[in-house]
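Residue numbers (the numbering used here): 1 to 480.
Cβ atoms here follow ideal geometry from the backbone N, Cα and C, with glycine treated the same way.
Model, not experiment: these values are computed from the prediction.
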């Protein structure tokens, strides 16, 4: 008996019945080559499409309950099954699927399936993939397997990558998925979990989340979220980007052991539950940056802080904060217009001296208009030529030192000088205080880890990667 059925499942978690013999086609499925698209024909029907035939041979209970969960008519479901078959690019796979159903209908044995119909329809690209995913190998029910396994001769189809693949602690198969993930062990001497070993286990799982785990097992990960992913800490509702498979699986093991809700995101899926921990497992990047101190995202000026730190700036420099000083960051550090701080243009003497020399010696300012920095200087003088001339003679521009003045950096960037964003102390204070708290937490966490390391090594359940919980945050610690 499967553990999930014994401990957390209702008696109807898995059902078993005989297949119908269906509306028998005059041409057996084995007569069709993988590339042919003809419909089946019968004596009583002029034609019988594949989707209709497939539904007709399902066990009566599965036929009725799956159609009800689909939410459309029997004919609409048959039409979508046809579309699902036609969408399979490898026609030998389509042929293998048809033959599996045909053979099960011809033998005098029951087939078994899981009853999470709605979940399967939500997690797969089409109804055919959802239907295929419901079936389980009856042998795994009779044996003492820890999780239900799919029939390996029925090809699995494609998950919906635009869906968020979540596993809730109250789910009937939570224990099964936990056993699947926690059942892998490290390989010595490198203390790493083999991706191939894990994929072999996950490939057998008869559940959409198990299939998601299979596809999530890869060497490297990218962040599909435009707003970025956290790379070091786990926070509820914020996508986490693991640096490697070993960190991904080790952290997943701990989350399932603690019975948290976990999610897997292959694409930018909006609406991660605030009490769920989501793993970003995309194979491509959507331009999303990696988040620093992601737990501070609600603080004002966080986006600017995150991009500035990634650009290499000490946005929260202790001396500047202690003295209440502004901090300047080059405008190129930001991917879009900033919501806090103010745009400034810094000009050096070599930038404005040629313009001032021209204005002092020429009879008309027209002769100076084509010089570099003329437009920028006019902007700083509120477009008053007399003010600009005065500044060149006796004002700030008469001194051989740099000059900073407010300047709009949109829609066009200045052609000379250094465009900067000035962040006053008050703009940075809240996000920097939050980031400092996170940094202190991490330091305490690592100190605690090293103090406990000698005890942890003796534990038999250590997998080579450990995660530790700190409030709403989980810190990932790699290796020993």
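Between the C-alpha atoms of residue i and residue j, what's the straight-line distance to the nearest angstrom?
i	j	result
residue 60	residue 20	7 Å
residue 17	residue 224	42 Å
residue 406	residue 321	22 Å
residue 198	residue 147	14 Å
residue 326	residue 424	4 Å
residue 367	residue 381	18 Å
residue 15	residue 69	16 Å
residue 434	residue 344	26 Å
residue 205	residue 149	5 Å
residue 437	residue 160	39 Å
residue 413	residue 402	19 Å
residue 86	residue 65	24 Å
residue 194	residue 221	16 Å
residue 258	residue 128	34 Å
residue 126	residue 242	29 Å
residue 308	residue 417	20 Å
residue 299	residue 266	27 Å
residue 305	residue 112	54 Å
residue 104	residue 297	54 Å
residue 399	residue 316	32 Å
residue 390	residue 415	23 Å
residue 429	residue 310	19 Å
residue 293	residue 252	21 Å
residue 388	residue 408	18 Å
residue 182	residue 196	15 Å
residue 219	residue 256	21 Å
So the candidates are the options; which of them puts its Cα closest to the Cα of residue i?
i	options	result
residue 357	267, 155, 332, 392	392
residue 341	360, 303, 372, 105	303
residue 354	344, 371, 77	371
residue 246	133, 103, 184	184
residue 145	176, 153, 129	176
residue 396	174, 349, 79, 86	349
residue 301	324, 334, 312, 270	334
residue 106	170, 141, 93, 57	57
residue 404	389, 377, 311	377
residue 96	257, 116, 153, 62	153
residue 192	248, 179, 63	248
residue 481	99, 73, 93, 92	As displayed, the chain neither begins before 1 nor continues past 480, which places residue 481 out of reach and without an answer.
residue 268	305, 226, 250	226
residue 155	94, 196, 110	94
residue 67	386, 115, 310	115
residue 314	388, 432, 240	432
residue 110	141, 82, 92, 130	141
residue 130	62, 239, 92	62
residue 374	352, 283, 337, 218	352
residue 158	124, 81, 178	124
Excluding sequence positions up to five away, which residues of its chain have a Cβ less than 6 Å from the Cβ of residue i?
i	result
residue 216	264, 281
residue 485	With the chain running from 1 to 480 in the structure shown, residue 485 is simply not present.
residue 274	236, 237
Please classify residue i as buried or exposed, where buried requires at least 16 other C-beta atoms within 10 Å of its C-beta.
i	result
residue 384	exposed
residue 132	buried
residue 200	exposed
residue 89	exposed
residue 339	exposed
residue 37	Unreliable positioning characterises residue 37 in this predicted model, as indicated by a pLDDT of 49, which lies under 50. The coordinate reading is nonetheless provided below. By the 10 Å Cβ count, residue 37 comes out exposed.
residue 139	exposed
residue 318	exposed
residue 230	buried
residue 75	exposed
residue 84	buried
residue 73	exposed
residue 427	buried
residue 250	buried
residue 254	buried
residue 50	buried
residue 369	exposed
residue 228	buried
Can you list, in chain order, the residues of its chain whose CB lies under 7 Å from that of residue i, leaving out five sequence neighbours each side?
i	result
residue 420	328, 329, 330, 331, 344, 346
residue 52	78
residue 203	214
residue 101	54, 57
Could you pull out every residue in the same chain whose Cβ sits closer than 8 Å to the Cβ of residue i, ignoring the five residues on either side in sequence?
i	result
residue 261	166, 167, 168, 169, 273, 275, 276, 277
residue 180	146, 147, 201, 202, 205, 210, 213
Compute the minimum distance between the beta carbon of residue i and the heavy atoms of the ligand FAD, and state whether it is under 7 Å.
i	result
residue 419	Ligands in the displayed structure: none, and consequently the ligand FAD is not present.
Next item on the list: Could you tell me whether the stretch 196–211 touches the stretch 228–238, using the rule of 3 or more Cβ pairs below 8 Å?
Entry: no
Checklist line | Inter-stretch contact (C-beta, 8 Å, three-pair minimum) for the stretch 157–170 and the stretch 108–120 | finding: no
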